[in-house]
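Colleague:
2 protein chains.
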Amino acid sequence: MTQALRHDSMRARNLGVVLGEVRKSGPISRAALAEITGLTKTTVSKMVGDLIDSGMVTESGAVRDGERGRPGTAVELSGERVAALGLEINVDYLSACVVDLTLRVRTRCAQAVDNRTASPVETMSHLQELAQKAVDEAQAQGLFIAGTTIAVPGPVDGGLIHAAPNLGWHDVRVPDLLDLPAEVDNEANLAALGELWFGSAPEDFLHVSGEIGIGAGLVVGGALFRGARGLAGELGHVVVTPDGPACRCGGRGCLEQYAGQDALLRAAGLAGAPGGVPGGVPELLERLRAGEPRPLEACERAGQALGVALTSAVHLMDPGTIVLGGVFAPLFEWIAEPARRTMTARLSTMRHTVPELTVSRLGGDAATLGAAGRVIHRVIADPYLWRRFASR
Amino acid sequence: MTQALRHDSMRARNLGVVLGEVRKSGPISRAALAEITGLTKTTVSKMVGDLIDSGMVTESGAVRDGERGRPGTAVELSGERVAALGLEINVDYLSACVVDLTLRVRTRCAQAVDNRTASPVETMSHLQELAQKAVDEAQAQGLFIAGTTIAVPGPVDGGLIHAAPNLGWHDVRVPDLLDLPAEVDNEANLAALGELWFGSAPEDFLHVSGEIGIGAGLVVGGALFRGARGLAGELGHVVVTPDGPACRCGGRGCLEQYAGQDALLRAAGLAGAPGGVPGGVPELLERLRAGEPRPLEACERAGQALGVALTSAVHLMDPGTIVLGGVFAPLFEWIAEPARRTMTARLSTMRHTVPELTVSRLGGDAATLGAAGRVIHRVIADPYLWRRFASR
Chain A
1 MTQALRHDSM
11 RARNLGVVLG
21 EVRKSGPISR
31 AALAEITGLT
41 KTTVSKMVGD
51 LIDSGMVTES
61 GAVRDGERGR
71 PGTAVELSGE
81 RVAALGLEIN
91 VDYLSACVVD
101 LTLRVRTRCA
111 QAVDNRTASP
121 VETMSHLQEL
131 AQKAVDEAQA
141 QGLFIAGTTI
151 AVPGPVDGGL
161 IHAAPNLGWH
171 DVRVPDLLDL
181 PAEVDNEANL
191 AALGELWFGS
201 APEDFLHVSG
211 EIGIGAGLVV
221 GGALFRGARG
231 LAGELGHVVV
241 TPDGPACRCG
251 GRGCLEQYAG
261 QDALLRAAGL
271 AGAPGGVPGG
281 VPELLERLRA
291 GEPRPLEACE
301 RAGQALGVAL
311 TSAVHLMDPG
321 TIVLGGVFAP
331 LFEWIAEPAR
341 RTMTARLSTM
351 RHTVPELTVS
361 RLGGDAATLG
371 AAGRVIHRVI
381 ADPYLWRRFA
391 SR
Chain B
1 MTQALRHDSM
11 RARNLGVVLG
21 EVRKSGPISR
31 AALAEITGLT
41 KTTVSKMVGD
51 LIDSGMVTES
61 GAVRDGERGR
71 PGTAVELSGE
81 RVAALGLEIN
91 VDYLSACVVD
101 LTLRVRTRCA
111 QAVDNRTASP
121 VETMSHLQEL
131 AQKAVDEAQA
141 QGLFIAGTTI
151 AVPGPVDGGL
161 IHAAPNLGWH
171 DVRVPDLLDL
181 PAEVDNEANL
191 AALGELWFGS
201 APEDFLHVSG
211 EIGIGAGLVV
221 GGALFRGARG
231 LAGELGHVVV
241 TPDGPACRCG
251 GRGCLEQYAG
261 QDALLRAAGL
271 AGAPGGVPGG
281 VPELLERLRA
291 GEPRPLEACE
301 RAGQALGVAL
311 TSAVHLMDPG
321 TIVLGGVFAP
331 LFEWIAEPAR
341 RTMTARLSTM
351 RHTVPELTVS
361 RLGGDAATLG
371 AAGRVIHRVI
381 ADPYLWRRFA
391 SR
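These protein sequence lines map, in sequence, to chains A and B.
Counting from 1, position 319 in the first sequence corresponds to residue 319 in the working numbering; the numbering is continuous, with no gaps.
Counting from 1, position 250 in the second sequence corresponds to residue 250 in the working numbering; the numbering is continuous, with no gaps.
1. Spatial neighbours of R104/A within its chain, please: CB distance less than 8 Å, with the 5 preceding and 5 following residues excluded, ordered by chain position.
2. So, is L9/A buried or exposed, given that buried needs 16 or more other C-beta atoms within 10 angstroms?
3. What in chain A is Cβ-close to E234/B, meaning under 9 Å?
4. Should V91/B and P155/B be called a contact, given that it needs their Cβ atoms to be closer than 9 Å?
5. Spell out whether any CB of chain A is found under 9 Å from the CB atom of R340/B.
6. Quick one, which residues of the stretch 240-269 of chain B are near chain A if we go by CB-CB under 7 Å, in chain order?
7. Are the stretch 182-195 of chain A and the stretch 198-212 of chain B touching, with three or more C-beta to C-beta distances below 8 Å?
8. Between L231/A and chain B, is any beta-carbon pair separated by less than 9 Å?
9. May I ask you to report which of helix, strand or coil DSSP gives S209/A?
10. In whole angstroms, give me the CA-to-CA distance for V350/B and C247/A.
11. Counting contacts by CB-CB distance shorter than 9 Å, is I120/A in contact with chain B?
12. Look at the alpha carbon of V277/B and the alpha carbon of L167/B, and state the distance between them as a whole number of angstroms.
13. Assuming V308/A and P242/B form a contact by the criterion Cβ under 8 Å, report the distance between their Cβ atoms to the nearest whole angstrom.
14. Does the separation of the CB atoms of V75/A and L101/A fall below 9 Å?
15. Leaving out five residues on either side along the sequence, give the residues of the same chain with a beta carbon under 8 Å from the beta carbon of D179/A.
16. Can you tell which of V135/B, Q139/B, T123/B has its C-alpha closest to the C-alpha of V174/B?
17. With distances taken from CA atoms, which of G221/B, W197/B, L193/B, G217/B is nearest D204/B?
18. So what does R186/B bridge to, in DSSP terms?
19. Per DSSP, C249/A is paired with what?
20. Assign H352/B to one of three DSSP states: helix, strand, or coil.
21. Buried or exposed for A223/A, please, with buried defined as at least 16 other CB atoms from any protein chain shown within 10 angstroms of its CB.
22. So, are the CB atoms of L190/B and T368/B less than 9 Å apart?
23. Rounded to whole angstroms, what's the CA-CA distance from E297/A to G147/A? Just pull it up for me.
24. Under a Cβ-count criterion, where at least 16 other Cβ atoms within 10 Å of its own Cβ denotes burial, should S360/B be classed as buried or exposed?
25. What are the boundary residues of the alpha helix (DSSP H) that H237/A is part of?
26. Is any beta-carbon of chain B found at less than 9 Å from that of V22/A?
27. Ordered along the chain, which non-local residues of its own chain (more than five positions away) have a Cβ less than 6 Å from that of G364/A?
28. According to DSSP, which residues form a beta bridge with C109/B?
29. Ignore the nearest five residues each way along the sequence and tell me which others in L213/B's own chain have a CB closer than 7 Å to its CB.
30. Can you give the Cα-Cα distance for P295/B and E286/B, rounded to whole angstroms?
31. Got a sec: is the Cβ-Cβ distance from R104/A to anything in chain B below 9 Å?
32. Nearest-angstrom Cα distance between L347/B and L310/A?
33. Output the distance between the C-alpha atoms of D318/A and H162/B, rounded to the nearest integer angstrom.
34. So, for E283/A: in the same chain, excluding its five sequence neighbours on each side, which residues have a beta-carbon less than 7 Å away from its beta-carbon?
35. If you draw a straight line from the C-alpha of A31/B to the C-alpha of K41/B, how long is it?
36. By how many angstroms is the C-alpha of A96/A removed from the C-alpha of G194/A?
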């Protein structure tokens, strides 16, 4: 490694340290930034200047540097220039959102579409249109997109989806099908990160994404746990009953067969959403509120199965709390109680505390938000990423 | 924080960096240590001097510093002074070992004893005797014990065992019952670390400890995954059949009820080990080798149940490989095949590769070794720990 390259990577690292501190502690004076980061005031001032030029921070107002310091101007993140695009492909909808550097949501759009009956190329073509709409709206607000992440409902291995059984996709390389540079990550992982960054979850939790498939993302100490190959958190295929109904994953008796959206609608006597359009859950909610026995019984059983799978998950992964998201958010009132009862019966002898079940405030938006948030966090950690992009 | 304290903690950190580098790259010259750590040659020489004085490294032989350098002496870890004591309480045995700074095992002893019929005080009194024997043998070899860790068969929360169902222990504060300063950790966690440090496992694996209870420890990127409260890896209580036999943990149909040592011996028609003495597994092995149908059938069923629980574990935790240890090591030939078959049937549609099942070389010794190794790794990371201890 040459001396010049070393110097450059150290500069990049320091720029990330400064911007990270602005994010954490801003509005903050240059003098305080120098004090906290251990960099010289001259270096900090040069970097703040660069960050202002690239539209990532603004300087405004006046803050006092401690008791005796002179008043100085305050540096804070700017939401007016750099933004990120989050996209989501789910089984029965597509969605997009643009989030600025301050994590404020600037535009958001979704489209109900049955991706089970569409080819990957068709689905990606729809997603491209939705993405373009979001980008156009962001640009009209003066924003530039620093990067894109796509959330997909299946395990992702280096951009490749080996199998997303609920979509019927096999060996699909998602970024190759989109006409803009993008990274891909699992929907449940991104939903957990969305909950961490945009929701009200603490730093230790398991976020459960209830959709047609059920996934989960474990956050420990504010970091996502991914496992050895990035495939962790497939809660939907945890075995509830070993000789239960066959699952699209090739297994039997998986949680999805009891508590997935389709299974739940079927058990509730709703034919499933026609054409995959998400009309089924609102109708289920109406019938639950009306006190119809069959939907209530279906939620009771789904909740019990969820409780069994979560018991195994708690024993293996030891999450702090458990946040129920996706369709489990609107269904929380009916699903959570039997799940909690099942977990308490099975876990409370061995553990002082059984993890609490809470409801996600983000529901179905968590993954799309997490996808955009992931880009923002990477840009803040390495502002050169964006600068390189912007100078093109 | 005062300037002096800051300086001191930086010195402690640097000493750990130097010793860590000696461990990783030794034998190594002082000049190479300075080059790698970025510390001055003077600082490195002073630190190496201190480390020699405290018996943690030795200097010997001659190494050449690169092509043109002058030959210098080589610094390497010394196994002659600093050592660690590892202890294990299991349901039907106690064991102890002493490991030196180079991770060489210097003494090892075990005792079959039924801890289910003994009180915690009685068990700890037996352990104290065993520990004293090991310490005496180590001291006779000129070693000093820098620290002790105790492995226990249950989840540990800050030294407290809330419940170890297989021992019948509740709210036991283990270190309070031992007459030497010791830390406590879960047996399955320490067995995984033992496998990492003393076995032949790679950096990403799930180590399964098959004993009367079944635990697991997940290592990702060379680090143990502990979860939010340090209670992760309780594979033995993953639900195999939700309405299966009642388990001591308060649940039903847990893996231990199908593949734990007692359950397996019962299913094989062996009355269980009399008085808890581990005579049962050797007899089971004899009968398996003789081809007796009932023991073979018992292993087939236990292996299938293990395969179901591991399917859930793979979906949730995504381990690299799976290492079967404890009594599953001698039983590997009969247990692994049905487990592998079950996992392949359930996992191979969704995953490119199903994690390989391998056998632990350490078997029942893994936890005791991991307990001692944990102390050694802490001493190497912070050599002052030992120096403070030694100067008392």
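A virtual CB, placed ideally from N, CA and C, is assigned to each residue, including glycine.
In this text, all values refer to a predicted model and were calculated from it rather than measured experimentally.
Modeller: The short version:
1. For R104/A, where only same-chain residues beyond five positions count, the Cβ hits under 8 Å are G79.
2. For the record, residue 9/A in the displayed sequence is Ser; it is not Leu. Exposed, since its Cβ has fewer than 16 Cβ neighbours within 10 Å.
3. V314, H315, L316, D318, M350
4. It is not a contact, given that the beta carbons lie outside the stated cut-off.
5. no
6. Cβ contacts with chain A come from V240, T241, P242, C249, G250, G251.
7. Flag = no, the stretch 182-195 of chain A and the stretch 198-212 of chain B do not touch.
8. yes
9. strand
10. Note on identity: in this sequence residue 350/B is Met, with Val being the wrong assignment. Here the alpha carbon of M350/B sits roughly 11 Å from the alpha carbon of C247/A.
11. One point to set straight first is that residue 120/A is Pro, not Ile, in the sequence displayed. Not one chain B Cβ lies under 9 Å of P120/A.
12. Confidence at V277/B is low in this model, with a pLDDT of 44, below 50, so the placement of that residue should be treated as unreliable; the coordinate-derived value is given next. A straight line joining the alpha-carbon of V277/B with that of L167/B spans about 14 Å.
13. Between V308/A and P242/B a beta carbon distance of about 5 Å is seen, short of the 8 Å cut, so the two are scored as contacting.
14. no
15. Take D179/A, set aside five residues on each side of it, and the residues of its chain with a beta-carbon closer than 8 Å to its own are Q128, in chain order.
16. T123/B
17. Checking every option, the nearest Cα to that of D204/B belongs to G221/B.
18. It is worth fixing the name first, because residue 186/B is Asn in this sequence and not Arg. Per DSSP, V152/B.
19. According to DSSP, C249/A bridges with nothing at all.
20. coil
21. exposed
22. yes
23. Rounded to the nearest angstrom, the two C-alpha atoms are 45 Å apart.
24. buried
25. H237/A -> no alpha helix (DSSP H), and no H or E assigned at all.
26. no
27. G326
28. Beta bridge pairing from DSSP links C109/B with A96/B.
29. The sequence shown places Gly at residue 213/B, rather than the Leu named in the question. If we look at G213/B and ignore the five residues flanking it on each side, its Cβ neighbours are V91, P153, N166, G236, E256, G260.
30. 10 Å
31. no
32. 19 Å
33. 15 Å
34. L270
35. 6 Å
36. Using only the alpha carbons, I get a separation of about 14 Å.
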